[in-house]
Amino acid sequence: MKTTLLLLAPFFLATTLATTGPELVFEPEEGTVLTRSFVATVDMDLVDYTATLDGDELELNELELKISSVETIEVTDELVGVEDNRPTEIVRTFDELTQEATVTANGEESEQLSTSALEGRSLRFEWDEDAEYYTIETADENGDLDDETLEWLEEDMDLRAVLPEDEVEVGDSWEIDEGVYLPLMWPGGLLDFSDEEEEEEVPDYRRELNQETIENLTGEGEATFENVREEGGVRVAVIRIDLEIETDASATESEGPADVDHGLDISRRIEGVILWDLDHGHLFSVELEAEVEMTRTRTRIVETEEVLELEEEDRFEGELTYEVFIERE
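Under my numbering, the first residue of the sequence shown is numbered 481, with each subsequent residue one higher.
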């Protein structure tokens with residue numbers, strides 16, 4: 481009997497460790513340096529395009545349009561201070577910021593490379609306990625950045641919003657919201673990508689559209705603590721998420737001969753797995769897929785012999801994948 485109990489003890493202990501979940505919390509050691517790589521790949525096809533002139537639908541030639549793009553964002557974070565499950569001070573260096581897009585219209589391809597002036601810059605994020613937000617300032621010798629650029633940067637690139645508020649065990653589920661998706665939709669915040677060849681600042685209307693997509697973002701879904709496994713020599717928690725989000729935006733472009741009112745509606749269904757490093761208390765990796773629907777509208781006044789309103793609407797559908805990798809230095 482004693483021999484049987486001794487043989488069963490290791491099995492019972494292993495089963496207990498695997499089913500009673502460890503704490504899912506953010507608690508890396510101060511001084512930790514993490515390199516974070518975010519890669520988003522999207523393929524969308526035009527499924528509908530209409531144009532009306534003063535309410536009358538126009539006859540249009542058939543248009544086959546496909547948009548493919550890859551966005552790569554790589555940063556190095558030095559976690560100078562950590563307290564109460566959040567960083568209190570981070571020095572972030574933007575190592576790579578690129579967007580590569582290919583547009584295929586009726587078989588003809590055009591390519592565009594977009595970059596950001598933030599590439600190569602270092603910024604310091606410090607938590608203000610009283611105001612409950614992060615102050616941001618430059619941490620290099622390359623000059624100050626304007627307040628509007630700093631205002632729309634985001635500290636959280638760990639997807640901390642996916643973590644449960646209470647202790648959970650393997651098999652437990654909890655509700656999640658749009659906060660989980662924001663670091664994926666805009667990793668690091670609004671980074672002001674612009675066409676590398678044009679070397680112009682981001683137009684105001686595009687910046688307003690991007691800002692409104694953040695302000696109007698809503699979502700709901702569920703996260704499930706599936707299991708604990710070893711990955712890359714560390715213990716990771718496997719968190720599966722299923723999340724639906726929506727957002728919309730509108731802005732007026734006033735730089736051409738006539739004002740153009742832009743509208744944008746986006747909806748996405750996101751599913752996949754987030755791995756959380758249990759040994760070090762931070763994000764380990766992300767693999768997610770999303771079904772994408774996007775509708776854009778453009779409305780402007782056309783002056784010929786009379787004043788007419790031209791409204792265009794195009795609707796895209798496609799797929800989007802997110803991959804995030806974290807390396808410890």
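Beta carbons: idealized from backbone N, C-alpha and C, even for Gly.
In this text, all values refer to a predicted model and were calculated from it rather than measured experimentally.
Here Pro508 is buried, its C-beta having at least 16 other C-beta atoms within 10 Å. Looking from the CA of Ala581, the closest CA among Leu593, Glu588, Asp575 belongs to Leu593. Shown here for Val513: same chain residues with a beta carbon closer than 6 Å to its own, the five before and five after excluded, namely Glu558, Glu809 in chain order.
Leu577 is bridged by DSSP to Ile553. For Thr629, the enclosing alpha helix (DSSP H) begins and ends at 627-631. Between Val562 and Arg604 the beta-carbon gap is near 15 Å, outside 8 Å, which marks them as no contact. Around the beta-carbon of Ile746, 16 or more other beta-carbon atoms lie within 10 Å, marking it buried. With contacts defined as CB atoms closer than 8 Å, Glu735 and Val753 fail to qualify as a contacting pair. For Asn707, the secondary structure class from DSSP, reduced to helix, strand or coil, is strand. Excluding its 5 nearest sequence neighbours in each direction, Leu664 has C-beta neighbours in its own chain below 6 Å: Tyr802, listed in chain order. Per DSSP, the unbroken beta strand (DSSP E) holding Glu617 starts and ends at 613-618. In this model, Gly600 and Thr552 are separated by some 14 Å (Cα to Cα). Taking 8 Å as the upper bound for CB-CB distance, Thr779 and Glu789 are in contact here, some 7 Å apart.
By the C-beta criterion, the stretch 679-692 is judged not to be in contact with the stretch 643-658, since fewer than 3 inter-stretch pairs fall below 8 Å. For Leu598, the secondary structure class from DSSP, reduced to helix, strand or coil, is coil. Shown here for Thr584: same chain residues with a beta carbon closer than 6 Å to its own, the five before and five after excluded, namely Lys546 in chain order. Boundaries for Thr693: no beta strand (DSSP E) harbours it, while the alpha helix (DSSP H) harbouring it runs 684-695, taken from the DSSP string. If you check the CB distance, Asp741 and Ser730 come in under 8 Å. Residue range 762-783 is occupied by the beta strand (DSSP E) that includes Met774, with no alpha helix (DSSP H) assigned at that position.
Taking Leu670 as reference, the option from Glu635, Ile656, Glu677, Asp657 with the minimal CA-CA separation is Glu635.
A direct Cα-to-Cα measurement between Thr629 and His762 gives close to 27 Å.
Sorting Gly699, Thr515, Leu543, Leu533 by C-alpha distance to the C-alpha of Phe796 places Leu543 at the top.
Partner residues in the beta bridge of Met524, as assigned by DSSP, are Ile547, Gly798. According to the DSSP assignment, Leu664 belongs to the alpha helix (DSSP H) that extends over 662-665. In its chain, beyond the 5 residues on either side, Ala531, Arg778 have a beta carbon closer than 6 Å to the beta carbon of Glu792. Counting C-beta atoms within 10 angstroms of its own C-beta, Ile781 has fewer than 16 neighbours from the protein chains shown and is therefore classed as exposed.
The beta-carbon separation of Arg748 and Leu800, rounded to 7 Å, stays under the 8 Å limit for a contact. Cα atoms of Glu569 and Phe764: separation of roughly 20 Å, rounded to the nearest angstrom.
For a cut-off of 8 Å, the C-beta gap from Ser596 to Phe673 is around 5 Å, short enough to register as a contact.
In this structure, the beta-carbon distance from Val804 to Arg516 falls below 8 Å.
Only residues of its own chain outside the window of five on either side were considered, and among them Ser730, Thr777 have a CB closer than 6 Å to the CB of Gly743, listed in chain order. Around the beta carbon of Gly535, a 10 Å sphere encloses fewer than 16 other beta carbons of the protein chains shown; the residue is thus reported as exposed.
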